[in-house]
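**Q** My structure is below; once you've seen it, I'll send some questions.
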Amino acid sequence: MSSGNSPDWNNLDVLHRNTLPPRSHFYLYQDEERAASGDRNQSLIKLLNGTWKFRYDRTPLRIPKWDDLDPASWANITVPGMWQLQGYGRPQYTNVNYPFPVDPPWITSQNETGTYWREFNIPAEWDKSSHIHVRFEGVDSAFHLWVNGREVGYFQGSRNASEFDITQYVNREDSNSMAVRVYQYCDGSYLEDQDQWRMSGIFRDVYLVPFLPDTITDYTTMVDLDDDFMTGTLRTSIKVQGRPGLFQLKLIGGHGQVIEEKEGPCEECLSITVSQPKLWSAEAPNLYELFISYQGRVIRQRIGFRRIEQKGANFLVNGKPIIFYGVNRHEHHPLHGRAVPYETLKADLHLMKQHNINAVRTCHQPNVPEFYDLCDELGLYVIAEADLECHGFDPIERIKIDDPTLSGHSLQELVYKIANKWTTDNPDWRDAYVDRAIQLVERYKNHASIVFWSLGNEAFYGCNMAAMYHWIKERDTSRLVHYEGDREGLTTDMHSVMYFSIEDLVQRAEQYPDRPWIQCEYGHAMGNGPGGLKKYIEIYRSHPRLQGGFIWEWCNHGLLKEENGISYFAYGGDFGDQPNDGDFVMDGLVNSDHTPTPGLMEYKKVIEPVSVAHVGNCLEIRNHYDFIDLGHLVCSRTLRSESGSSHSEILDLPSIPPGATRQVAIPKSALQDFAEETFLDVSFCLKDATAWAERGHEVAWRQIQLQARDISDIISHQRPPLQVEEKADQLFITGPGRQVGYMIDLATGELQWTGNGQRIMDRGPEIGLYRALTQNDLGEGGDSRHWEKFRVDSLRTSLQSIAWTSTGTAVTVEKTLRIAPPVLNWAVDTTVRLTIFGDGFDIHIKGVFSGFHPTTVPRLGLNMSLPGSFDYCHWFGRGPGESYRDKKEASRIGYYEQSVTQMFTPYECPQENGNRTGTRWVRLSSQDAGSTGVLRVSAPSPFNFTVRKYQIENLNAAKHPHDLCQVDQTLFYLDYEHNGLGTGSCGPGPWPEHRLHAGPFEFSASFALGGLD
3 MSSGNSPDWN NLDVLHRNTL PPRSHFYLYQ DEERAASGDR NQSLIKLLNG TWKFRYDRTP
63 LRIPKWDDLD PASWANITVP GMWQLQGYGR PQYTNVNYPF PVDPPWITSQ NETGTYWREF
123 NIPAEWDKSS HIHVRFEGVD SAFHLWVNGR EVGYFQGSRN ASEFDITQYV NREDSNSMAV
183 RVYQYCDGSY LEDQDQWRMS GIFRDVYLVP FLPDTITDYT TMVDLDDDFM TGTLRTSIKV
243 QGRPGLFQLK LIGGHGQVIE EKEGPCEECL SITVSQPKLW SAEAPNLYEL FISYQGRVIR
303 QRIGFRRIEQ KGANFLVNGK PIIFYGVNRH EHHPLHGRAV PYETLKADLH LMKQHNINAV
363 RTCHQPNVPE FYDLCDELGL YVIAEADLEC HGFDPIERIK IDDPTLSGHS LQELVYKIAN
423 KWTTDNPDWR DAYVDRAIQL VERYKNHASI VFWSLGNEAF YGCNMAAMYH WIKERDTSRL
483 VHYEGDREGL TTDMHSVMYF SIEDLVQRAE QYPDRPWIQC EYGHAMGNGP GGLKKYIEIY
543 RSHPRLQGGF IWEWCNHGLL KEENGISYFA YGGDFGDQPN DGDFVMDGLV NSDHTPTPGL
603 MEYKKVIEPV SVAHVGNCLE IRNHYDFIDL GHLVCSRTLR SESGSSHSEI LDLPSIPPGA
663 TRQVAIPKSA LQDFAEETFL DVSFCLKDAT AWAERGHEVA WRQIQLQARD ISDIISHQRP
723 PLQVEEKADQ LFITGPGRQV GYMIDLATGE LQWTGNGQRI MDRGPEIGLY RALTQNDLGE
783 GGDSRHWEKF RVDSLRTSLQ SIAWTSTGTA VTVEKTLRIA PPVLNWAVDT TVRLTIFGDG
843 FDIHIKGVFS GFHPTTVPRL GLNMSLPGSF DYCHWFGRGP GESYRDKKEA SRIGYYEQSV
903 TQMFTPYECP QENGNRTGTR WVRLSSQDAG STGVLRVSAP SPFNFTVRKY QIENLNAAKH
963 PHDLCQVDQT LFYLDYEHNG LGTGSCGPGP WPEHRLHAGP FEFSASFALG GLD
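So for the sequence shown, our numbering puts the first residue at 3; every next one is plus one.
Okay, structure coming up:
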């Protein structure tokens, strides 16, 4: 296909003009001392970041000629940055859909355009013979470059680097001007349909670099290890411009010792042999420093000795199969979009390491150079992905398919086989595809942390993917190649899938046992979730071909927006952007401000590198590391009970090699009969500070029950004589001095409870089956449509019968209830027995489902409305944060106290939150000690509870936190059980064992009021 005389941004034949060949990212230094600092401010560059002049146009077709423009009068804009976040245009979020009319390779003429302009000088100290280059690390999506009014060239590929030789265009002794015209979309945008905000601009560094006439322009380092890993070989080759000469290498070890120095002609590949090299891995990221010197210029490159290979059905690092405990990471900042500050990037990677994450997939494009430097240093395996996704052709083909028997993965398989014709299996697009592989590999080929190259994401499969694979394999034999869209494994070194259930994953791995398997995306971390992660990790650790996966994804992509004096994190549609995919961009393990969610804490727990089992009087400790023992950790034990915790005691650990298990005797002080339920907490913390955490940071822990709970340890009620009076369909029960009183409506069965003249319960306890929905409930794999179909949110309670008896010190009320929705004929037939005492009551509930009822329900429990003065909570159970039946591994059982406000988890998209599992008792009181009594709740079996100030309906309707309205009451939910969370927003719902199936149920609870006068 020829694009004729179309403009460059609408011309498939033009990917770039007058750009220099792609090269490794590096900085040139004048000497080794400055190079050793690693500080780019000491290198030979001139940053052009900062304030530029800016002109915004809605189309590039009506911009006046340069002679008619006056850049000095334009507004200011910040580089790096996205213009949509600086007052021009609007951010737009779509996941799959293209945000423009689809007619490849053509792009609509309504194509926002930003023209940047600034002045600059060439540093006087730079050698006068130098060639002056300008390098752009990232411009979204395409741009033309002018220097001093003369056009230099063109480049497209938003997350790829571009470099131009502008020597002939600049004045060395005078001021210069640079203009960059950036187009929001180009024909390359058909290949950049990633699940992210659509924003534009110069969003990464821009800088000048002086290259001497005879100088190094690129280099390649390759490491190899003998089969016994006792000898490493570093091979280095360089590219030069100008006259050939000699280049020098110096390799320095981790303690500053010189390993070897070498010199040779620039045409040769020089080798350095290292005996017993310290190997690089994510667990032990040992790095050497290589200095490459040529003609008075020095480059510093950190080297990690490691071997990546595939053997049989496993990929190996340094001869061992590893498991990826990974995460997908988009570049995002709530104020700056993809222009992420370095400190934010660094904090993100530190947070990953602190939460036991060992791998990152750069979804779905190359990241900034500093990312790979930090991964080398901190120890993170990287799947480095090309800037390529064309998922938007999926809905174009999907809409044509009218086959109700197809759904889920089967429908996707069919769509992928026909959607590839647009670009992926279209030879006209071959160069555009291969260019993205070249840009990726050449830029980052020297990084130890990169273990796989990835061809892209959700771009189907065809001849152009095969061309990318073959180019990479010819260029780099030291790494494996990944691509999930190659379902038949024709040109990929592993099988990769997304969002599979455990059953499907195991079945597929057994069906195709020839290669390793990973999930490049799973555990969709949207809102309250992900649930069920533990089961994935267990299967990764037990199945020989399943080598882990990458949670989707790292960060919520909320953009900070202020509206009517209220600040909040906005998502799709909040800027009036159409089309949009709403809150689907809010799916991270950290919030938009990069603070951890409960989901991140859960992930840390299930992937922790040390596990502990209780075997007799011993602790069986397993080391899940692949390469290091546990010598860097301190193990301690603490006894925890309802009364509090004992002082920690250090446990001496034997040497536990990687993958090994050893037994340690439980201290005698922990082997005794305890008067109350008691737990042994075993903790593993860093012995010394690291680059990513302080000394004492907890890496792993286990809690073991030593003394079971005495089931009789529930509320023992006071039994003073009670006065009972039935009057006008109401039953009045009062204690001595009317300190406590009850009124039961014999027509409805409702209970009112007072103490010391104040209301204790405004409403309840009423049987409840519904809770606020989560984003996982609302997804394709969730249960919300099933619950809506059966009207679980509209249940009404009808009193069938009621009777009461009195013993003088206790009143028993027996009720039968029918709980049913309108329209339908299913119901929950329930019997309730209330036994009322002078200080509270016991409740026993038994129920069965009848009729054609739902297969699952959100919850089973009691709803209560308490006076707002009950605003503080003490409890013994899992905490301190929220937990659910499939998201509770990160919660220890212990004694906790928080205000009701603190117990609310402030998700950026309001939803069900704040449940606590494994609760033995709850005590509600007031922070104002004199305003009310103390309400204590207990049960024979551990239960769930939630306290908050927001109605379920409000949580379901609210789009953002500022849409929530606190009620005056404290809403208290005591639950027999909850339905699990799962990952149904994009993936499987809760596992069968985590679902709350609609079957017979029975539970009890006790309520007592303390502080009576």
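Where is the CB? At the ideal position from N, CA and C, for every residue including glycine. Just so we're clear, the structure is a prediction, and the values are computed from it rather than from any experiment.
Which complete beta strand (DSSP E) runs does the stretch 306-358 hold, if anything under 3 residues is left out?
**A** Within the stretch 306-358, the complete beta strand (DSSP E) runs of at least 3 residues are 310-313, 316-319, 326-330.
**Q** Reducing DSSP to helix, strand and coil, say where residue 167 ends up.
**A** Strand at residue 167.
**Q** Is residue 76 near the ligand MG, with its Cβ less than 6 Å from a heavy atom?
**A** This structure does not include the ligand MG; it has no bound ligands of any sort.
**Q** Who are residue 251's beta bridge partners in DSSP?
**A** According to DSSP, which records beta bridges pairwise, residue 251 is partnered with 264, 294.
**Q** With the cut-off set at 7 Å, would you say residue 357 and residue 606 are in Cβ contact?
**A** In contact: residue 357 and residue 606 (Cβ atoms closer than 7 Å).
**Q** So what does DSSP say about residue 893, is it helix, strand or coil?
**A** In this structure, residue 893 counts as coil in the three-state DSSP scheme.
**Q** So, for residue 672: in the same chain, excluding its five sequence neighbours on each side, which residues have a beta-carbon less than 8 Å away from its beta-carbon?
**A** Once the five neighbours on either side are set aside, the close Cβ partners of residue 672 are 639, 641, 682, 708.
**Q** Is residue 212 helix, strand or coil when you go by DSSP?
**A** Strand, per DSSP.
**Q** Going along the chain, which unbroken runs of the beta strand (DSSP E) with 3 or more residues stay wholly within the stretch 221-250?
**A** For the stretch 221-250, whole beta strand (DSSP E) runs of length 3 or above, ordered along the chain, are 233-243.
**Q** How is the beta strand (DSSP E) around residue 865 delimited, first residue to last?
**A** It spans 861-868 - the beta strand (DSSP E) in which residue 865 sits, taken as one unbroken run.
**Q** Tell me whether the beta-carbon of residue 272 lies closer than 7 Å to the beta-carbon of residue 251.
**A** Yes; because the gap between Cβ atoms is below 7 Å, this pair is in contact.
**Q** Within this structure, are the beta carbons of residue 579 and residue 880 separated by less than 7 Å?
**A** No.
**Q** Would you kindly check if the distance between the Cβ of residue 884 and the Cβ of residue 916 is under 7 Å?
**A** In this structure, residue 884 lies closer than 7 Å to residue 916 by Cβ.
**Q** Can you pull the DSSP bridge partners for residue 819?
**A** Answer is 801, 832, bridged to residue 819.
**Q** As a quick exercise: from 820, 842, 716, pick the residue whose alpha carbon is nearest that of residue 942.
**A** Closest by alpha carbon: 716.
**Q** For residue 509, which of helix, strand or coil comes out of DSSP?
**A** Residue 509 falls in the helix class under three-state DSSP.
**Q** Counting pairs of beta carbons, one from the stretch 337-354 and one from the stretch 427-441, are three or more of them closer than 8 Å?
**A** Judged by Cβ distances under 8 Å, the stretch 337-354 makes no contact with the stretch 427-441, as fewer than three pairs qualify.
**Q** Quick one: using the 10 Å Cβ neighbour count with 16 as the cut-off for buried, is residue 339 buried or exposed?
**A** Answer is buried; the Cβ neighbour count reaches 16.
**Q** Given residue 510, which residues of its chain have a CB within under 8 Å of its CB, disregarding the five upstream and five downstream residues?
**A** Only 497, 499, 502, 519 meet the Cβ criterion.
**Q** Taking the alpha-carbon of residue 691 as reference, which of 635, 451, 983, 517 has the nearest alpha-carbon?
**A** Closest by alpha carbon: 635.
**Q** Sort out for me which residues DSSP pairs residue 900 with in a bridge.
**A** BP columns for residue 900 point to 875.
**Q** With the cut-off set at 7 Å, would you say residue 757 and residue 1011 are in Cβ contact?
**A** Yes.
**Q** For residue 1015, count the other beta carbons within 10 Å of its own beta carbon; 16 or more makes it buried, fewer makes it exposed. Which is it?
**A** Residue placement at residue 1015 cannot be trusted, given a pLDDT of 49 that sits under 50; the coordinates are not used to answer.
**Q** Tell me which residues share the same chain as residue 262 and place their Cβ nearer than 7 Å to its Cβ, disregarding the 5 neighbours each side in the sequence.
**A** Only 253, 274 meet the Cβ criterion.
**Q** Please classify residue 836 as buried or exposed, where buried requires at least 16 neighbouring CB atoms within 10 angstroms.
**A** Classification of residue 836: buried, given that the 10 Å Cβ count is 16 or more.
**Q** On the DSSP letters alone, give me the boundaries of the beta strand (DSSP E) that residue 176 sits inside.
**A** First-last for residue 176: undefined, no H or E at that position.
**Q** Taking the continuous alpha helix (DSSP H) assigned at residue 419, which residues delimit it?
**A** Taken as a continuous stretch (DSSP letters only), the alpha helix (DSSP H) holding residue 419 covers 410-421.
**Q** What does a CB cutoff of less than 7 Å around residue 761 pick up in its chain, not counting 5 residues either side in sequence?
**A** Here the set comprises 869.
**Q** On the three-state DSSP scale, how would you describe residue 152?
**A** Residue 152 falls in the strand class under three-state DSSP.
**Q** Could you compute how far the alpha carbon of residue 968 sits from the alpha carbon of residue 980?
**A** Roughly 24 Å separates the two Cα atoms.
**Q** Using DSSP with H/G/I as helix, E/B as strand and the rest coil, what is residue 16?
**A** Correct three-state label for residue 16: coil.
**Q** Since residue 387 sits in a beta bridge, which residues does DSSP pair it with?
**A** For residue 387, which the question treats as bridged, DSSP gives the partners 456.
**Q** Does the structure place the stretch 406-414 close enough to the stretch 442-455 that three or more beta carbon pairs sit under 8 Å?
**A** No, the stretch 442-455 does not touch the stretch 406-414.
**Q** For residue 232, is the classification buried or exposed, using 16 other Cβ atoms within 10 angstroms of its Cβ as the cut-off for buried?
**A** By the 10 Å Cβ count, residue 232 comes out exposed.
**Q** Hey, how far is the Cα of residue 806 from the Cα of residue 621?
**A** Rounded to whole angstroms, residue 806 to residue 621 spans 53 Å at the Cα level.
**Q** Apart from the five residues just before and just after residue 4, which ones in its own chain have a Cβ nearer than 6 Å to its Cβ?
**A** For residue 4, the predicted structure reports a pLDDT of 49, less than 50, and the residue's modelled location is therefore unreliable. A value from the coordinates is still provided. If we look at residue 4 and ignore the five residues flanking it on each side, it has no Cβ neighbours.
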